[in-house]
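Asker: Just dropping this structure here.
In the numbering used here, the protein residues as written are 131 to 539.
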């Protein structure tokens, strides 16, 4: 498989941690507009090719500790906005306060207030993005880039509402609710490629691989109006779901040209190299990841998998230990569960308690695919320890779940 060099001096994009858009809503009032506005702002910022959006995976108890965590993970700026709505005669008028704060220098921060209406969220998002780019001394969006950003967004209120609610559910790990919302969004938006891709990703996380393949293939066919980066992301997802590791690696290497420091692309590349049996390339990719940050537990999880696939269980266990500790420090349950499973692969001593903890997290997330993986590991462990009846019970439960989601081993 192809490997390309890594040059940290070429990073031009500013790394912005997305703190989201919150809404001051009355009790019982929907706040989907806040999530829709957030997605539109991010689409415009992405289209600028001058910024890279990073997910907020930290869980510090206060802003100072949170910012330290996010800076250690490679973030530079923190973007957080608040949306409020007028009542009475001016109902429909909305106000957006946008705040951009530097993660390492509290004196470097910007704030502005923008006004708009509920039926012109797109315009408000574009103005907010333009202001952020101005603060960062980046070029403004031209019409071609605005057009590409708009192509990512649903064009009707109902489609935007359900897409926004689906993304919110996905972020909160309510995966089955996300599936329901994305499917409803497609009813109103037709075969919108971004909604199709989001639904495919959610179904894949739940373990419904066959359905995910069909959806991401359709998304790939409908992606002509998206940016080249989004097209490649969808094509890469299709290649990975189809286990076409060579093509998946080629796509991810191409994606790195857009943002060479994007941890997501590197993590996906490590996984692809592992699946392809390209051990040397996988080690090189992990080494490159370490140059970005040494504080992200997902990198330790990736490293553990590389050493495990390469048969070096001592190094795999060392990396998994680091992953568990860092994930607990972050307070991110989704990453912690994956770290626990990486540890189980390399160490039989802590397998039982770690498996129970991971299973509890995946049950709370209502994720049947990963529940089946845990139960399979439990069955393997029970059989190795001579508890054959328990092993049969665990493995039958795993097979039952796999059959129910159409991904029978």
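Beta carbons: idealized from backbone N, C-alpha and C, even for Gly.
(1) With a threshold of 6 Å on Cβ separation, who are the neighbours of residue 473 within its own chain once the five nearest residues in sequence on each side are excluded?
(2) So the alpha helix (DSSP H) residue 383 belongs to, where does it begin and stop?
(3) Could you check the C-alpha separation between residue 365 and residue 389 for me, to the nearest Å?
(4) Do residue 189 and residue 462 have their C-beta atoms closer together than 8 Å?
(5) Between 447, 429 and 437, which has its C-alpha nearest residue 130's C-alpha?
(6) For residue 404, which of helix, strand or coil comes out of DSSP?
(7) Among 331, 251, 346 and 177, which residue has its Cα nearest to the Cα of residue 274?
(8) Tell whether a beta-carbon distance below 8 Å holds between residue 367 and residue 330.
(9) If I'm right that residue 431 touches residue 466 with Cβ under 8 Å, what's the distance once you round it to whole angstroms?
(10) By alpha-carbon positions, which one of 202, 303, 203 and 281 ends up nearest to residue 494?
(11) Suppose you measure from the CA of residue 260 to the CA of residue 270; what does that come to, to the nearest Å?
(12) Run through the DSSP bridge pairs and tell me what residue 241 is partnered with.
(13) Among 327, 195, 452 and 240, whose alpha-carbon lies nearest the alpha-carbon of residue 282?
(14) What ranges does the alpha helix (DSSP H) occupy inside the segment 248-302, keeping only unbroken runs of at least 4 residues that lie completely in it?
(15) Let me know if residue 332 comes out buried or exposed under the rule of 16 or more other beta-carbons within 10 Å of its beta-carbon.
(16) Report, in whole angstroms, the separation of the C-beta atoms of residue 199 and residue 460, which I expect to be a contact under 8 Å.
(17) Let me know if residue 417 comes out buried or exposed under the rule of 16 or more other beta-carbons within 10 Å of its beta-carbon.
(18) Short check: CB of residue 229 to CB of residue 239, under 8 Å?
(19) If you draw a straight line from the alpha carbon of residue 166 to that of residue 349, how long is it in whole angstroms?
(20) Helix or strand or just coil, what does DSSP make of residue 333?
(21) Along the chain, where does the beta strand (DSSP E) containing residue 212 start, and where does it finish?
(22) To the nearest angstrom, report how far apart residue 158 and residue 258 are at their CA atoms.
(23) Under the rule that 16 or more other beta-carbon atoms within 10 Å means buried, what is residue 533, buried or exposed?
(24) For the beta strand (DSSP E) containing residue 150, name the first residue and the last one.
(25) Using the beta-carbon count (16 or more within 10 Å), is residue 319 buried or exposed?
(26) Quick one: residues in its chain with C-beta nearer than 6 Å to the C-beta of residue 291, no 5 flanking neighbours on either side, listed in chain order?
(27) Go through its chain and collect everything with a Cβ distance to residue 143's Cβ below 7 Å, but skip five positions before and after it.
(28) Which class does residue 185 belong to by DSSP, given the choice of helix, strand or coil?
(29) Can you pull the DSSP bridge partners for residue 246?
(30) Could you check which residue in 197, 325 and 375 has the C-alpha nearest to that of residue 360?
(31) Among residues of its own chain, excluding the 5 on either side of residue 409, which ones have a beta-carbon nearer than 8 Å to its beta-carbon?
(32) For residue 308, which option in 149, 354 and 300 has the closest C-alpha, if you only look at C-alpha atoms?
(33) Any idea if residue 337 is buried or exposed, counting beta-carbon neighbours within 10 angstroms, 16 or more meaning buried?
(34) Quick one: Cα of residue 522 to Cα of residue 530, how far?
Answerer: Taking the definition as stated:
(1) Translated into the one-based positions of the chain shown, residue 473 becomes position 343. Cβ neighbours of residue 473 beyond the five flanking positions: 450, 454 and 484.
(2) By 1-based counting over the chain shown, the position of residue 383 is 253. Segment 375-386, the alpha helix (DSSP H) holding residue 383.
(3) Working through the chain shown from its first residue, we reach residue 365 at position 235. Working through the chain shown from its first residue, we reach residue 389 at position 259. Distance between the alpha carbons of residue 365 and residue 389 is about 17 Å.
(4) For the purposes of this step, residue 189 is taken as the residue at position 59 of the chain shown. For the purposes of this step, residue 462 is taken as the residue at position 332 of the chain shown. Result yes, Cβ atoms of residue 189 and residue 462 sit closer than 8 Å.
(5) Outside the modelled stretch of the chain, which goes from 131 to 539, sits residue 130, for which no answer is possible.
(6) Counting from one through the chain shown, the residue named residue 404 turns up at place 274. DSSP places residue 404 in helix when its eight states are reduced to three.
(7) In the chain shown, residue 274 corresponds to position 144, counting from 1. Nearest of 331, 251, 346 and 177 to residue 274, Cα basis: 177.
(8) Here residue 367 corresponds to residue number 237 of the chain shown, with the count starting at 1. Here residue 330 corresponds to residue number 200 of the chain shown, with the count starting at 1. Yes, Cβ-Cβ distance for residue 367 and residue 330 is below 8 Å.
(9) Along the chain shown, one-based indexing puts residue 431 at 301. Along the chain shown, one-based indexing puts residue 466 at 336. That pair is no contact at about 10 Å.
(10) Start at 1 with the first residue of the chain shown, and residue 494 comes out as number 364. Across the set 202, 303, 203 and 281, the C-alpha of 303 shows the shortest separation from the C-alpha of residue 494.
(11) As a first step, residue 260 is located in the chain shown; it is residue number 130 there, counting from the start. As a first step, residue 270 is located in the chain shown; it is residue number 140 there, counting from the start. For residue 260 and residue 270, the distance between alpha carbons rounds to 6 Å.
(12) Walking along the chain shown from the start, residue 241 turns up at place 111. Its beta-bridge partners are 229.
(13) Indexing the chain shown from 1 puts residue 282 at position 152. When the alpha-carbon of residue 282 is set against those of 327, 195, 452 and 240, the nearest one is in 327.
(14) 251-265, 273-281 and 287-301
(15) Walking along the chain shown from the start, residue 332 turns up at place 202. Buried, because 16 or more other Cβ atoms sit within 10 Å of the Cβ of residue 332.
(16) Here residue 199 refers to the residue found at position 69 when the chain shown is read from its first residue. Here residue 460 refers to the residue found at position 330 when the chain shown is read from its first residue. Confirmed, Cβ separation roughly 7 Å.
(17) The residue labelled residue 417 in the question sits at position 287 within the chain shown. With fewer than 16 Cβ atoms within 10 Å of its Cβ, residue 417 is classed as exposed.
(18) Counting from one through the chain shown, the residue named residue 229 turns up at place 99. Counting from one through the chain shown, the residue named residue 239 turns up at place 109. Against a cut-off of 8 Å, the Cβ pair of residue 239 and residue 229 comes out as a contact.
(19) Counted from its first residue, the chain shown places residue 166 at position 36. Counted from its first residue, the chain shown places residue 349 at position 219. Straight-line Cα distance between these residues: approximately 20 Å.
(20) As a position in the chain shown, residue 333 is number 203, starting the count at 1. In the structure shown, residue 333 sits in a helix (DSSP, three-state: H, G or I).
(21) Along the chain shown, one-based indexing puts residue 212 at 82. Unbroken beta strand (DSSP E) run through residue 212: 207-215.
(22) The residue labelled residue 158 in the question sits at position 28 within the chain shown. The residue labelled residue 258 in the question sits at position 128 within the chain shown. Bear in mind that a pLDDT of 45 at residue 158, under 50, signals an unreliable position, so the number given afterwards is only what the model happens to contain. Those two C-alpha atoms are separated by around 27 Å.
(23) Counting from one through the chain shown, the residue named residue 533 turns up at place 403. Around the beta carbon of residue 533, a 10 Å sphere encloses fewer than 16 other beta carbons of the protein chains shown; the residue is thus reported as exposed.
(24) Residue mapping note: residue 150 aligns to position 20 of the chain shown, counting from 1. If you look at residue 150, you'll find it in the beta strand (DSSP E) that goes 144-154.
(25) As a first step, residue 319 must be located in the chain shown, where it is residue number 189. Flag for residue 319 reads buried.
(26) Here the question's residue 291 lines up with position 161 in the chain shown. Excluding residues within five positions, the ones whose Cβ falls inside 6 Å are 162.
(27) As a position in the chain shown, residue 143 is number 13, starting the count at 1. So the qualifying residues of the chain are 180, 181, 182 and 389.
(28) Taking the chain shown and counting its residues from 1, the one referred to as residue 185 is at position 55. In this structure, residue 185 counts as strand in the three-state DSSP scheme.
(29) Counted from its first residue, the chain shown places residue 246 at position 116. In the DSSP output, where bridge partners are listed per residue, residue 246 has 224.
(30) Counting from 1 along the chain shown, the entry for residue 360 is found at position 230. Ranking the options by Cα distance to residue 360, first place goes to 325.
(31) In the chain shown, the residue the question calls residue 409 occupies position 279. Cβ within range, chain order: 403, 436, 439 and 440.
(32) In the chain shown, residue 308 corresponds to position 178, counting from 1. Minimum Cα distance to residue 308 is reached at 300.
(33) The residue you call residue 337 lines up with position 207 of the chain shown. Buried, because 16 or more other Cβ atoms sit within 10 Å of the Cβ of residue 337.
(34) Numbered from 1 along the chain shown, position 392 holds the residue referred to as residue 522. Numbered from 1 along the chain shown, position 400 holds the residue referred to as residue 530. About 12 Å.
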